[in-house]
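Peer 1: Protein chains in written order, with this note's numbering: chain P, 73 to 415; chain H, 257 to 909.
Even for Gly, the Cβ is constructed at its ideal location relative to N, Cα and C.
These figures come from a predicted structure and were not determined experimentally.
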Ligand SMILES: Nc1ncnc2c1ncn2[C@@H]1O[C@H](COP(=O)(O)OP(=O)(O)OP(=O)(O)O)[C@@H](O)[C@H]1O
Ligand SMILES: [Mg+2]
């Protein structure tokens, strides 16, 4: 994969909460631990995070409650001012943007779905969804038409005149999703966007975002607590602990090669077979004799389970999308992954 | 570790605080006992301690009014307001001014009120609103009521707008909020009359002065509620607005203010109620209307007629309160898809049709237009008869009570309060402050009361303190058991709270009617009115405190075999005490207001001086007296708040 220029790039970003945090931060030297900062009476919500997010990537952020996921995303959108470091969006240092430029950036490029929805209680579903369009100065007719389209998309047709108070949690969340869908921003921040949805709609929504990402090349930063969801969506997963990113990598590499003990523990419960793709276990052919049909390099071991168990071959040839032979998948290793799920 | 250490008070701290308070108490008692041998300078504030605050204020006001020419500005504003008042006066009771269309037939106003009531909260409110105006018309009080209402209609929007703007300013600038806070604290504890004197100086008397004083008096709660509402808007709602690309101004008008709607409308409700209370009292500065009528009738001891007016004021108060509260609590509701427009706007249509019909009818049938005094009903005759009979029946009781209270309670207590040397009183207050909040509280309390000593009105102030103390004590003796009784079960508590709510909406003036009726015009009547007025918040907070005790705690006590009485004394009361103290605090505030108002039925306290300052337009004296009263209130407020905060922290509430 070539490395396209990053849309969002942050360099050692810090966010401390507490009285006079900026001053306290300027007195810090080196890399203080979360604990030592806490003893000084501050909370290090984001600690020395360096990340590059290339265009068109879906980055999923995971971590325990309070690990700083939402805060990190707020730093990236400059909803809060960072204590230290730099955040660049499309090459611009957003910390240096003036009020007006920031508003322009948000109107033209960014969208966000909030963890607790952030709906305006006095506006109907329709008016809530049309709100960002209204801020952009679109005329009433156009924005209503657009809002109706996304209302349809999130399955809230017929509720457009309801007020948020009159909707269930999941329905409110869909209004929040629709509001950000209405403007189709280039950069999307989704803070646990599907947490209150039922499995069916959740899957539909996941598909919709995947479609938009693939089709229109949207860059998406996605927070979730659900590993299955992360695996379905993520190009890369970042795992946070106490404000720091412990590891940020492709899902299968995170599972197979956890960088720290914490990540290992975090991914312990996952069924590896669902994550690990043939390409990850692939070995060079080195002249071994391979027979029979090839397996796709992007297929997970779980996808191949039946074949691996029923087929007596010692190794399977692995082919890329174009059918070219890439290497071989040793049967024994595949079975280890399949059975040793938790090993 | 360091956090843990600073959180727990030093072990010796509690001890020394109490010790210090005890020492101060002993000194105070010593001063009282040794009064006969004390030098005069310790008994009453010596001359060098009494500063001519009033003269300074007067000089400052003269400078502002004449040298700076502020009077032209205020006159211009007042003229603008007068023009508006004339418009509403023409519409409501046909004063011959532009636009010369009025008066609107009473039936139209009554039906409009009923429809507004219905739109806000259904049939019962419609009945209350419509009924109120019918009562007013039928009792022949239309003109007076409309005189009163025409001022509220102008003053309330003014205060709401000003309060909103100042609230927004305070929210935007932390510095402004810091400066505003003490001003609001003092303003909200100043008695009504203190506001009137500067207005008389700058604007004069009559309806426009009444409107201006009403506006000034009713602004503070609006500022407070606007600020509170804006601060309460959740971060995420604002962030979602920001991410939608809203500018600062769009954020304010399209996100913050609409989201803070309920709090802001609660502010509107408070403004309206304050307006009504003030408009009634503004009769003292020549404001015509219900208040003036009531004042005249009370002074002439015409009980039946005053009760009629009293009922009107009460009905208006309850109606305005319920309507504005319903408006605040109303949540938007959607119409089903495809509802035709005449269903969506059903009420507006009904209103338009009804108004047209009634306007037509009024042309034909004069009774639908206006009810003249001669056609009006009056309950005064029968009311007077009933009241006379009642007074004769209870006379032995009231006479005895009056005698007992005056001879055995009021006079001895008043003498005791006046006997105490001022140095001893200051020591006592310092002791109370120290016991509750250490050195800081002691200093604050002494500063508050020190001002009173320096104002030169020590004796008058002590009489006010004595009246308030006695009244709050009696109110506690009545209100506290009543609150405990009412809190025993949910339904009863709710009924009682509703009654208290309703009573609290009555303008303070109303409370004078029954006491004057029973006791005539004297000290006992004053104390009676204050007790009535002060008991309401006490009952209210006692109920709320007791009902608010967490269920698990009561159940835990019952499971350990405690009787009802034991649970009450050992568990519920201690836990409810912080809330009850809030009631005591409010009770003291209300008493101070009431004592000052009651001055016109004869007292010798600060209120009487306030009346004199009012009639001689002495701004300096008025403000000094007002500040003295405000400081008494703030002193109690400080003590109760400090104590309450500590107590709550201790109980982990
Ligand atoms: N405005 C704030 N002031 C002070 N501390 C804050 C603030 N916002 C967040 N924090 C603290 O920062 C830390 C990280 O919070 P954050 O909301 O980013 O967590 P999160 O990972 O999103 O958790 P969750 O999964 O529960 O949403 C927490 O300890 C939180 O208490
Ligand atoms: Mg979060």
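Any C-beta of chain H sitting closer than 9 Å to the C-beta of residue 149 of chain P?
Peer 2: Taking the first chain and counting its residues from 1, one reaches residue 149 of chain P at position 77. Cβ-Cβ to chain H under 9 Å: yes for residue 149 of chain P.
Peer 1: Locate the alpha helix (DSSP H) running through residue 837 of chain H, then write down its first and last residues.
Peer 2: The count along the second chain starts at 1 and reaches residue 837 of chain H at position 581. It spans 829-853 - the alpha helix (DSSP H) in which residue 837 of chain H sits, taken as one unbroken run.
Peer 1: Please list the partners that residue 501 of chain H has in chain P, where partner means a Cβ-to-Cβ separation under 7 Å.
Peer 2: For the purposes of this step, residue 501 of chain H is taken as residue 245 along the second chain, with counting starting at 1. Those are 175, 178, 179, 204, 207, 208, listed as they occur along chain P.
Peer 1: Quick one: what does DSSP say residue 260 of chain P is sitting in, helix, strand or coil?
Peer 2: If you number the first chain from 1, residue 260 of chain P lands on position 188. If DSSP states are grouped into helix, strand and coil, residue 260 of chain P belongs with the strands.
Peer 1: Does any CB atom of chain P fall closer than 9 Å to the CB of residue 596 of chain H?
Peer 2: For the purposes of this step, residue 596 of chain H is taken as the residue at position 340 of the second chain. So, not an interface residue.
Peer 1: Based on DSSP bridge pairs, tell me the residues matched to residue 368 of chain P.
Peer 2: Position 296 of the first chain, counted from the start, is the residue given in the question as residue 368 of chain P. Answer by DSSP bridge pairing, in chain order: P:391.
Peer 1: Compute the Euclidean distance between the alpha carbons of residue 574 of chain H and residue 350 of chain H, then round it to the nearest angstrom.
Peer 2: Position 318 of the second chain, counted from the start, is the residue given in the question as residue 574 of chain H. Position 94 of the second chain, counted from the start, is the residue given in the question as residue 350 of chain H. The alpha-carbon atoms of residue 574 of chain H and residue 350 of chain H are separated by roughly 26 Å.
Peer 1: Return the chain-ordered list of same chain residues with a C-beta closer than 7 Å to the C-beta of residue 196 of chain P, the five sequence neighbours on each side being excluded.
Peer 2: The residue given as residue 196 of chain P occupies position 124 in the first chain. Within the same chain, residue 196 of chain P has close Cβ partners 232, 233, 234, 235.
Peer 1: Should residue 307 of chain P be counted as a contact of ligand 1 given a C-beta to heavy atom distance under 8 Å?
Peer 2: Counting from one through the first chain, the residue named residue 307 of chain P turns up at place 235. No, the Cβ of residue 307 of chain P stays beyond 8 Å of every heavy atom of ligand 1.
Peer 1: Whose C-beta lies closer than 6 Å to the C-beta of residue 123 of chain P among residues of the same chain, with five residues either side of it excluded?
Peer 2: The residue given as residue 123 of chain P occupies position 51 in the first chain. Closer than 6 Å at Cβ, skipping near neighbours: 82.
Peer 1: Give the interface partners of residue 184 of chain P over in chain H, defined as CB-CB distance under 8 Å, in chain order.
Peer 2: Along the first chain, read from residue 1 onward, the residue named residue 184 of chain P stands at position 112. Simply 495, 496, 499.
Peer 1: So which of H:681, H:745, H:531 has the shortest CA-CA distance to residue 284 of chain H?
Peer 2: Looking up residue 284 of chain H in the second chain gives position 28. Checked all of H:681, H:745, H:531; the closest Cα to residue 284 of chain H is H:681.
Peer 1: Could you tell me the distance, in whole angstroms, from the CA atom of residue 365 of chain H to the CA atom of residue 768 of chain H?
Peer 2: As a working mapping, residue 365 of chain H is identified with position 109 in the second chain. As a working mapping, residue 768 of chain H is identified with position 512 in the second chain. Rounded to the nearest angstrom, the two C-alpha atoms are 30 Å apart.
Peer 1: Which whole-angstrom value describes the C-beta separation of residue 450 of chain H and residue 542 of chain H, a residue pair presumed to lie in contact below a C-beta threshold of 8 Å?
Peer 2: Numbered from its first residue, the second chain carries residue 450 of chain H at position 194. Numbered from its first residue, the second chain carries residue 542 of chain H at position 286. That belief does not hold up - the Cβ atoms of residue 450 of chain H and residue 542 of chain H are roughly 17 Å apart, past 8 Å.
Peer 1: Assign residue 713 of chain H to buried or exposed, taking buried as 16 or more other Cβ atoms, counted over all protein chains shown, within 10 Å of its Cβ.
Peer 2: The residue you call residue 713 of chain H lines up with position 457 of the second chain. Buried, by the Cβ-count rule.
Peer 1: Please state if the CB of residue 890 of chain H and the CB of residue 441 of chain H are separated by a distance shorter than 9 Å.
Peer 2: Looking up residue 441 of chain H in the second chain gives position 185. Looking up residue 890 of chain H in the second chain gives position 634. Yes, they are a contact pair.
Peer 1: Is residue 262 of chain P close to ligand 1? I mean its beta-carbon at under 8 Å from any heavy atom of the ligand.
Peer 2: In the first chain, residue 262 of chain P corresponds to position 190, counting from 1. No, since every heavy atom of ligand 1 falls outside the 8 Å radius drawn around the Cβ of residue 262 of chain P.
Peer 1: Would you identify the three-state DSSP class for residue 549 of chain H, choosing helix, strand or coil?
Peer 2: Along the second chain, one-based indexing puts residue 549 of chain H at 293. Note: residue 549 of chain H maps to helix in three-state DSSP.
Peer 1: If the cut is a Cβ gap below 9 Å, which residues of chain P does residue 593 of chain H touch?
Peer 2: Here residue 593 of chain H refers to the residue found at position 337 when the second chain is read from its first residue. Those within 9 Å of residue 593 of chain H in chain P are 230, 232, 233.
Peer 1: How far does the beta strand (DSSP E) with residue 294 of chain P in it reach, from first residue to last?
Peer 2: For the purposes of this step, residue 294 of chain P is taken as residue 222 along the first chain, with counting starting at 1. Taken as a continuous stretch (DSSP letters only), the beta strand (DSSP E) holding residue 294 of chain P covers 291-295.
Peer 1: Just the C-alpha distance for residue 860 of chain H and residue 670 of chain H, rounded to the nearest angstrom, thanks.
Peer 2: Along the second chain, read from residue 1 onward, the residue named residue 860 of chain H stands at position 604. Along the second chain, read from residue 1 onward, the residue named residue 670 of chain H stands at position 414. The straight-line gap from Cα to Cα measures roughly 11 Å.
Peer 1: Quick test of your reading: residue 502 of chain H and residue 510 of chain H, contact by CB under 8 Å. State the CB separation rounded to the nearest angstrom.
Peer 2: If you number the second chain from 1, residue 502 of chain H lands on position 246. If you number the second chain from 1, residue 510 of chain H lands on position 254. Yes, they are in contact, since the Cβ atoms of residue 502 of chain H and residue 510 of chain H sit about 7 Å apart, within 8 Å.
Peer 1: Rounding to the nearest angstrom, what Cα-Cα distance links residue 688 of chain H and residue 709 of chain H in this structure?
Peer 2: Taking the second chain and counting its residues from 1, the one referred to as residue 688 of chain H is at position 432. Taking the second chain and counting its residues from 1, the one referred to as residue 709 of chain H is at position 453. Near 18 Å, if we compare the C-alpha coordinates of residue 709 of chain H and residue 688 of chain H.
Peer 1: Using a Cβ-Cβ cut-off of 9 Å, state whether residue 429 of chain H counts as contacting chain P.
Peer 2: Here residue 429 of chain H refers to the residue found at position 173 when the second chain is read from its first residue. No, residue 429 of chain H does not count as interfacial toward chain P.
Peer 1: Looking only at its chain, what residues have a beta carbon closer than 6 Å to the beta carbon of residue 140 of chain P, apart from the 5 residues adjacent to it on each side?
Peer 2: Locating residue 140 of chain P in the first chain gives position 68, where the first residue counts as 1. Contacts found: 117, 118, 312, 315.
Peer 1: How would you call residue 113 of chain P, buried or exposed, if buried means at least 16 neighbouring beta carbons within 10 angstroms?
Peer 2: Counting from one through the first chain, the residue named residue 113 of chain P turns up at place 41. Exposed is the call here.
Peer 1: Note the first and the last residue of the continuous alpha helix (DSSP H) segment covering residue 803 of chain H.
Peer 2: For this step, residue 803 of chain H is matched to residue 547 along the second chain. Its alpha helix (DSSP H) spans residues 779-803.
Peer 1: For a test of your reading of the model: does the CB of residue 213 of chain P fall under 8 Å from any non-hydrogen atom of ligand 1? Yes or no.
Peer 2: By one-based count along the first chain, residue 213 of chain P stands at place 141. No; taking the cut-off as 8 Å, the Cβ of residue 213 of chain P has no heavy atom of ligand 1 nearer than that.
Peer 1: So is residue 188 of chain P in contact with chain H if we call contact Cβ pairs under 9 Å?
Peer 2: Reading the first chain from its first residue, position 116 is the one you call residue 188 of chain P. Closer than 9 Å: yes.
Peer 1: Do residue 520 of chain H and residue 577 of chain H have their C-beta atoms closer together than 9 Å?
Peer 2: Position 264 of the second chain, counted from the start, is the residue given in the question as residue 520 of chain H. Position 321 of the second chain, counted from the start, is the residue given in the question as residue 577 of chain H. Against a cut-off of 9 Å, the Cβ pair of residue 577 of chain H and residue 520 of chain H comes out as no contact.
Peer 1: Are the C-beta atoms of residue 264 of chain H and some chain P residue less than 9 Å apart?
Peer 2: On the second chain, residue 264 of chain H is found 8 positions in, with the first residue counted as 1. A caution first: residue 264 of chain H carries a pLDDT of 40, below 50, which makes its placement in the model unreliable, though a value can still be read off. Judged by the 9 Å Cβ criterion, residue 264 of chain H is not in contact with chain P.
Peer 1: Which chain H residues sit within Cβ distance under 8 Å of residue 238 of chain P?
Peer 2: For the purposes of this step, residue 238 of chain P is taken as the residue at position 166 of the first chain. What residue 238 of chain P touches in chain H: 589, 590.
Peer 1: As a quick check of your reading: which residues have a C-beta less than 6 Å from at least one non-hydrogen atom of ligand 1, in chain order?
Peer 2: P:89, P:115, P:117, P:135, P:137, P:138, P:139, P:140, P:141, P:142, P:143, P:187
Peer 1: Considering residue 402 of chain P, what are the terminal residues of the beta strand (DSSP E) in which it resides?
Peer 2: Counting from one through the first chain, the residue named residue 402 of chain P turns up at place 330. Start and end: 397-402.
Peer 1: Return no unless some Cβ of chain P is closer than 9 Å to the Cβ of residue 524 of chain H.
Peer 2: To locate residue 524 of chain H, count along the second chain from 1; it is residue 268. No - not a single Cβ of chain P is within 9 Å of the one on residue 524 of chain H.
Peer 1: Can you tell me whether DSSP reads residue 810 of chain H as helix, strand or coil?
Peer 2: Along the second chain, read from residue 1 onward, the residue named residue 810 of chain H stands at position 554. Helix, per DSSP.
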